[in-house]
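In my numbering, each number is its position in the sequence shown, counted from 1, plus 11.
Cβ atoms here follow ideal geometry from the backbone N, Cα and C, with glycine treated the same way.
Data block below; observations after.
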Amino acid sequence: MRKLQKLIAAERTTFSPYTSLSPRAISRIASKCRKDEIADAHILIKEFMAELATIHYWDGDTHDDIWRSIELFRAILQKVR
């Protein structure tokens with residue numbers, strides 16, 4: 012498991028993929044990110060964007076899941092100092 016994934020998993024209070032992390036949890040994750048985690052977040056966003064192009068238009072649930080992940084990584088990157 013990637014370190015960034017471990018940081019996110021440690022902040023989850025519920026294991027439902029449909030719950031969002033709190034802004035405080037995102038800030039805590041961002042404060043623990045270093046160069047490798049920042050690069051990893053950028054790479055994951057690009058991978059998710061590429062994956063979106065392969066998903067059928069009728070598969071809205073998958074689109075939503077991917078966008079939810081993209082938004083999480085973007086939020087973390089915005090908080091990185």
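Return the CA-CA distance between residue i and residue j, expressed in angstroms with no decimal places.
i, j, result
"L83", "H67", "23 Å"
"L88", "L32", "14 Å"
"R39", "W69", "36 Å"
"K14", "R45", "10 Å"
For the candidate residues the options, whose alpha-carbon lies nearest to that of residue i?
i, options, result
"D76", "I56, E22 and I87", "I56"
"R85", "H53, D70 and L63", "H53"
"E22", "R35, Y29, M12 and A64", "R35"
"V91", "M12, A61, I37 and F59", "I37"
"M60", "D47, H74 and A50", "H74"
Could you pull the start and end residues of the alpha helix (DSSP H) that residue i belongs to?
i, result
"S31", "Per DSSP, S31 belongs to no alpha helix (DSSP H) and is neither H nor E."
"M60", "K46 to L63"
Three-state secondary structure (DSSP) at residue i?
i, result
"D70", "coil"
"R79", "helix"
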